[in-house]
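Sequence lines, in order, name chains A and B. Each position in the first sequence, counted from 1, maps to that position plus 341 in the working numbering. Each position in the second sequence, counted from 1, maps to that position plus 375 in the working numbering.
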Amino acid sequence: MIPALTAAWGAPRVAGIEFPFGRPLGQPHDAGTQRAVLRATLEALRGVEEAGTIVHLPFEWAELADRVQWHPKEPAPIARLLRRDPAAFKRLVEGELPSEASRRR
Amino acid sequence: MPAPDRSVDSFKYLSPASRAISESMIARAPREPVPWTPLSRPLSASTVSLVSTAGISMKGDPPFDAEGERENPWWGDPSYRIIPREATEADIDVSHLHIETAHIYEDLDVALPLRRLGELEREGFIGRAAPSHYSFMGYLLDPTEFLEVTVPAIIERMRRERVDVAVFVPV
Chain A
342 MIPALTAAWG APRVAGIEFP FGRPLGQPHD AGTQRAVLRA TLEALRGVEE AGTIVHLPFE
402 WAELADRVQW HPKEPAPIAR LLRRDPAAFK RLVEGELPSE ASRRR
Chain B
376 MPAPDRSVDS FKYLSPASRA ISESMIARAP REPVPWTPLS RPLSASTVSL VSTAGISMKG
436 DPPFDAEGER ENPWWGDPSY RIIPREATEA DIDVSHLHIE TAHIYEDLDV ALPLRRLGEL
496 EREGFIGRAA PSHYSFMGYL LDPTEFLEVT VPAIIERMRR ERVDVAVFVP V
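Printed below as a string of C-alpha cells:
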C-alpha cells in the first residue's frame, strides 16, 4: 500500500488510498466503505488511459495517523535486525541485498 | 468524508526508516515502458479476480512460511495460495509478519473483498467474480522466484478461468 512504489515498479493502473497498512478496503464490518472503495478502484480502470497513472481515491481514514494500530504486536524480523545493524540498513537503502535474500537458508 | 482533488500521501503511515527504504526502491525502479492492455470488454461483462499480498491461505493448505522468515529475516516465502470465491474469515489463516493481521481474521473483506465483489456481481457492476482468487506474502526483497515461478502459475490459472481484470490488493 505504497502507491508511489507500486506505480514506479510497473503496475499499469494504480488506485491509491490513504488507508493504513493491513486494511486497504476499510475497517472490519464497514461494508459500505469497503464496497465504495472496491467500486472506485474498478471505476479507475475505465478512466485511466496511460500506464503508470495513479488515481488518488478520495477516502479519509477516521483515526489520526499516530493513533492507527497497524504494526504487528511482534516487530517484523527484518525490522529487529536492521535496528541492531545500522550498516545493513545503510546497504539496503543503497540497494544492496545480501545473498540470504534469495534463499530460505 | 470524501475530499476531491487530494493527493494520496504514500508514506503517511511509514516510519522514517521504512520510508527511506521505500524511496530508495522507487529511485531504483527500472525505467522501462509498462505493457498496456486495454480493457477487453465493459466491466459489466468482465470476469474479475483479486490478488492479495496479505499472505492468506485456506485452512487445510500449508500456511506461508513465517518460520523461515524468522530464521532468515532477509527472506520471504515466494509462493502463492488459491482462495476460492466463497471463502470467509472462518476459512483462512494469515501469515504476514509486517502487519497487524487481527483485522483480517475479524473480516476478510478488509484485505480480500470477496463478499463485496460478489455484491458488485449481483448488482451487474461487474460481469462475474472468478472462481479463484489469490494471495501471496508481500514481503519479498528478492522477487526473482516469485516472478519466475509464482506469477506465471497465477496467470495460467487466470487464463483458464477467462479472467479479464486482475485487481491487485496490496496491504
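Heads up, the beta-carbon is just placed ideally off N, CA and C, and yes, glycines get one too.
- Between the C-alpha atoms of A429/A and I431/B there is a straight-line separation of about 30 Å.
- Of the residues N447/B, D466/B and W450/B, the one whose Cα lies closest to the Cα of G435/B is D466/B.
- The continuous stretches of alpha helix (DSSP H) do not include A442/A, and DSSP gives it neither H nor E.
- One alpha carbon belongs to E523/B, the other to A403/A, and they sit about 40 Å apart.
- Taking the Cα positions, A356/A is about 15 Å away from P488/B.
- Note that the C-beta distance between R445/B and P418/A is below 7 Å.
- Closest in C-alpha terms to H478/B, from the list P365/A, T394/A, P361/A and P369/A, comes P369/A.
- Note that the segment 495 to 510 of chain B touches the segment 530 to 537 of chain B; at least 3 beta-carbon pairs, one per stretch, sit closer than 8 Å.
- Secondary structure of D484/B (DSSP, three-state): helix.
- Annotation for S419/B: G499, F500, I501 and G502 place their beta carbon closer than 8 Å to its own, counting only its chain and skipping 5 residues before and after.
- Considering only A442/A, R445/A, E415/A and D407/A, the residue with the shortest C-alpha distance to Y388/B is D407/A.
- Taking the beta carbon of A406/A as reference, the chain B residues within 8 Å of it are K387 and Y388, listed in sequence order.
- Between G436/A and chain B, the shortest Cβ-Cβ separation is below 7 Å.
- Distance from the CA of R460/B to the CA of V542/B, rounded to the nearest whole angstrom, comes to 14 Å.
- From the beta-carbon of A505/B, no residue of chain A is found nearer than 8 Å; the closest lies around 14 Å away.
- In the same chain as E464/B, and ignoring 5 residues on each side of it, the C-beta atoms closer than 8 Å to its own belong to I479, Y480, E481, D482 and L483, in chain order.
- Listed along chain A, the residues sitting closer than 9 Å to A392/B by beta-carbon distance are A420, L423, R424, F430 and V434.
- The straight-line gap separating the alpha-carbon atoms of S393/B and A528/B is approximately 31 Å.
- Using a Cβ-Cβ cut-off of 7 Å, I530/B does not count as an interface residue toward chain A, since no Cβ of chain A sits closer than that to its own.
- Each residue's CA atom was taken as its position, placing F511/B and N447/B some 18 Å apart.
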